[in-house]
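In our numbering, the protein residues as written are 645 to 1491.
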Amino acid sequence: MSLDYWSRAKPLFEAARQRPRAAREAFLAAACDGDAALRAEVERLLALSAEADGFFDTLGQELRRPGLDGAALPERVGPWRVVREVGRGGMGRVLLATRDDGAFEQRVAVKLVESAAPGLVRRFRRERRILAALDHPRVARLIDSGALDDGRPYLVMEYVEGVPLTAYADARRLPVGARLRLFLQVCEAVAYAHRNLVVHRDLKPSNVLVTDDDAGRPQVKLLDFGIARLLEEDEEGGRLTRTGQRYLTPGYAAPEQIRGAAVTTATDVYALGVLLYELLTGHRPFDPRGRSRHTLERAILEDEPAAPSTAVGWTEERAGGGALGAPAPEAVAAARATEPGRLRRRLRGDLDRIVLKALRKEPERRYGSVEALARDVERHLAGLPVEARPATLGYRAQRFLRRHRAGVAAAAAVGGILLALGALHTASVAAERDRAEAAALRAERVSAFLTDLLGRSADPAADTGALLRLLEPAVARADSALAADPEAQAAVFYTLGRLYHRAGRPDRAEVLLRRALALRRALDAGPSEEAADVLYALGLLRLRQPDAASARFREAAEMRRALLVGDDHDLAWSLLQWARMLPKGHPDKQPRFEEALAMLARLHGERSPEVAEGLHEYYVLGFADGTPQDYEAAFEEALAIYLENGLERHPYALHAMYNLGLLYEDRGDFDAAFPLFRRAIRLGEEVLPPGSTSLITMKTNYGASLHERGRLVEADSVLRAVAETARRVLPDSAAAVGQSHYWYGRNLLALGRPAEAEAALRTAAATLAYLAAGTPRHHRVQTELAWALVRQGRHAEAEPLLLESVELLAGTRYERTALERLAALYEETGRSAEAASYHARLDELGE
């Protein structure tokens, strides 16, 4: 065939192979326009392509005995009656069968090998050995095994009537959060196999089926260990090593599988990365569509995958090859219950980094285990820092030079590497993509800035204190390094403000968030999602000031209403917080809350963790309408939903657990309350870093509860430990330091140890003087500090503190304590008249 003729046939072949087989006839008739030779050539190429594409997926079929392809199905396999064929794979047929010996009724999947070739039979027997060792609810169970009369072996396995993972998620329009939770189920199954020294080696959507349990919750089942290899000695005492054949599915294969190198648990980590990429984006990192096998394998070995947040914007004819038939960005986003821009923002950052770390070319640069990958996904869902970091510029440059050694040398000879790379970039990027590239560059700049900041901590689960020590220099750098890019600067100020808030520094958080809002208002002519995000974050800072918070949440909700049509997760939360901040009894309060909760249910499912979080959040501060029983019912329901979803260790579940215990405590049911406190703390110690303010707060509150129940010795043990931890891992200005030392000091006073109490209370008073000078919180601490001085006989030092606090606590529930302490001071110093005047004020307060 001439080169000209080939140039005509090749694009038609590429276009035809992307179409369903049923549509190819009409396409070729129109495209070839009566040229019979051209059509014959295209059809020949299609036939060869089909044969090549099926080679690895049907490995070993060339070994089948003559006539087996057309052979009738066996009527029985052991005690099982064959119903029909349900699939074929590299080892043979998969049959649906039922129990046929009268013992009981059961449907099973029978895997029947169709060759007696020694290598294939050994491989089949290995699968039987592997499956027999695996017993896990997320792994399809081996039920029976045997051989037919003609010697062909079979396995009988649990029949899973499910849907492939990606198809299930798309059909249900699952949002990103729900997809991540499904992925965690897959990780659970693969991690179990790895603990049993088994590598799957062929993870892909068709081997991960999803069914619904009786309550309608999705359940994952992992299938087909047919090409897995044991990481242990085989029968002959040698390690299992590769043979001349490679058992893999190219679109999901790791680079080491393509090269024929050793397969380890890191190989499954890579495949999980591909699976997660497809689950999140609707694409594979290296799409086989439109590529030859050689081109695909070269891409897997040499090319760096695009970030998922970039992939969701791919069009059918994206640069880089292999895009014909790819879903449009609008379709990808719709399948994830959102729109393209919002989906890109959802994936940008942590999820990009998690996926790309799993897809590193070098096994040692991926996650060290499936558990480590799952932990990062869990941390992302919990809003915690993730371990994954992007590849450094030096690393990317090294890989570029390695791939393009000859081209770089030639470019250097004719004009310099940088100039050549710039020309290459200009020539290769289409003009219509410039704006998108500029936006991606800005996002990368922001990401790089924050990654550099957070990457300075050696501990991937860095505590709050370590984070705070990095923030001030980061603010200074953002002022200077990003001064010429207000868009990026606004994004960084927003993120740094949220980090300050999480670290217990609302004062610094508000300064940065206000700066971010000012920049957004200058940049955006009208409503914008970014401005709504900042307004929402500012509202969260003012939860103790309902009117101020309500104004922020209302503006955020109205802005999102102006930008969106239909349901939206962030809109639901803006409405929910707005409703929570409205005064009790307000006519819009309950309807707006119900609207928000219904929206979350439509987006995520009625029994989803998102609904549980909304339910818990609305009731948690006591601003909701309702009786104590309503509050208990809400927390119990939220906790039940978390447990149903297997999220007992999720930080939000821990909060719901602890707050439910507080409600039980309020009604005097300590037998119900204290086990919940201890359980939440125990689980928190397993999943949260020591510097987590949530964990420190739970421990402090537990110690306070013990103190108020008179269990002073137990309280001393708890409060001493948490105060020491807070002081060690947090800066002195953190609110959790003040709270923990306040309760520790109060308990020491009750134990008759005023000198030790003074030291603790001075720490608490210094923190509150910084965070909340002149407020009741500050003077409540100052009252206890003064009392520690009185108990040591240092009345002159205590008197001015008590006099100040008595006046500033007037009208609050702490006024009585301050009056009692001041009256006692005057009695101890023989000043009866002053003591009498304060007793009179106590009488005026009544009981």
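Just so you know, even glycine gets a beta-carbon here, dropped at the ideal spot from N, CA and C.
Among A975, Q1221, L778, whose alpha-carbon lies nearest the alpha-carbon of L867? It is L778 whose Cα lies nearest to the Cα of L867.
Hey, could you find the ends of the beta strand (DSSP E) Y798 is sitting in? 797 to 802
Who are the near neighbours of G1354 in its chain, counting only those whose CB is closer than 6 Å to its CB and skipping five residues on each side? Leaving aside the five residues that flank G1354 on each side, none in its chain has a CB nearer than 6 Å to its CB.
Can you list, in chain order, the residues of its chain with a C-beta nearer than 7 Å to that of L1392? Leave out the 5 residues immediately preceding and following it. E1400, A1401, A1404
Between N1345, T810, H1213, which lies nearest to G1258 when the distance is taken from Cα to Cα? H1213
Three-state secondary structure (DSSP) of W958: coil
Between which residues of its own chain and V800 is the CB-CB distance below 7 Å, once the five residues before and five after are set aside? W724, V752, V754, I787, D788, S789
Would you mind stating whether G736 and L756 have Cβ atoms separated by less than 9 Å? yes
N-terminal and C-terminal residue of the alpha helix (DSSP H) that Q901 is part of: 899 to 903
Please report the distance separating the alpha-carbon of V1052 from that of V999. Interpretation of V1052 is limited by its pLDDT of 38, a score under 50 that renders its predicted location unreliable; the figure taken from the coordinates is listed afterwards. V1052 and V999: Cα-Cα distance of roughly 29 Å.
Of all the options E1352, A1408, E1358, D1360, which has the alpha carbon lying nearest to the alpha carbon of S1377? That would be A1408, whose Cα lies nearest to the Cα of S1377.
Buried or exposed for M813, please, with buried defined as at least 16 other CB atoms from any protein chain shown within 10 angstroms of its CB. For clarity, residue 813 is Ala in the given sequence; the question names Met instead. Burial call: buried.
DSSP three-state label for A741, please. strand
So G821 is in the alpha helix (DSSP H); what residue range does that whole segment cover? 820 to 839
Exposed or buried, which one is L1265 when buried takes at least 16 other CB atoms within 10 Å? exposed
Alpha-carbon to alpha-carbon, D1211 and A822: Their Cα atoms are separated by approximately 16 Å.
Of the residues G1012, V864, T954, D857, which one's Cα is nearest the Cα of T908? Closest option to T908, judged by alpha-carbon separation, among G1012, V864, T954, D857: G1012.
So L853 and V807 are supposed to be a Cβ contact under 8 Å. How far apart are they, rounded? 6 Å
Taking the Cβ atom as the reference point for each residue, do A1430 and A1442 lie within a distance shorter than 9 Å? yes
Strictly by DSSP, which residues pair up with S789? L799
Report the residue ranges of all alpha helix (DSSP H) runs contained in full by the region 1377 to 1422; include only those spanning at least 4 residues, in chain order. 1379 to 1394, 1398 to 1416
Residues near V1434 in its chain [Cβ-Cβ closer than 6 Å; skip 5 each side]: A1442, L1469
Report yes if the C-beta distance between P1171 and L1215 is below 9 Å; otherwise report no. no
What are the start and end residues of each continuous alpha helix (DSSP H) run of 4 or more residues lying completely inside the region 1132 to 1204, in chain order? 1150 to 1167, 1173 to 1185
Do you know how far the Cα of L809 is from the Cα of E706? Confidence in E706 is poor, its pLDDT being 33 and thus under 50, which makes the residue's placement unreliable; the coordinate value appears in the next sentence. If I take the Cα positions, the gap works out to 30 Å.
Taking the straight line between their C-alpha atoms, what separation do you get for R1372 and V1366? 10 Å
Under 7 Å Cβ to Cβ from I1340, same chain only, skipping five residues before and after it: list those, please. Within the same chain, I1340 has close Cβ partners V1366, T1369, A1370, A1380, S1384.
Considering D856, what are the terminal residues of the beta strand (DSSP E) in which it resides? Note, D856: beta strand (DSSP E), 852 to 856.
Exposure label - G1474; buried when at least 16 CB within 10 Å: exposed
Applying the criterion that 16 or more other CB atoms from any shown protein chain within 10 Å of the CB defines a buried residue, is A1008 buried or exposed? Here residue 1008 turns out to be Glu, not Ala, going by the sequence shown. E1008 should be labelled exposed.
To the nearest angstrom, report how far apart R986 and L1017 are at their CA atoms. 24 Å
Could you check what DSSP says for A753 in three-state terms: helix, strand or coil? strand
Using three-state DSSP, classify K1001 as helix, strand or coil. K1001: helix per DSSP, three-state reduction.
Name the two residues that bound the continuous beta strand (DSSP E) containing P862. 862 to 866
Between which two residues does the alpha helix (DSSP H) holding R1465 run? Bounds of the alpha helix (DSSP H) holding R1465 are 1459 to 1472.
Contacting residues, own chain, Cβ-Cβ under 6 Å from R1186 (five flanking each side not counted): A1192, A1193
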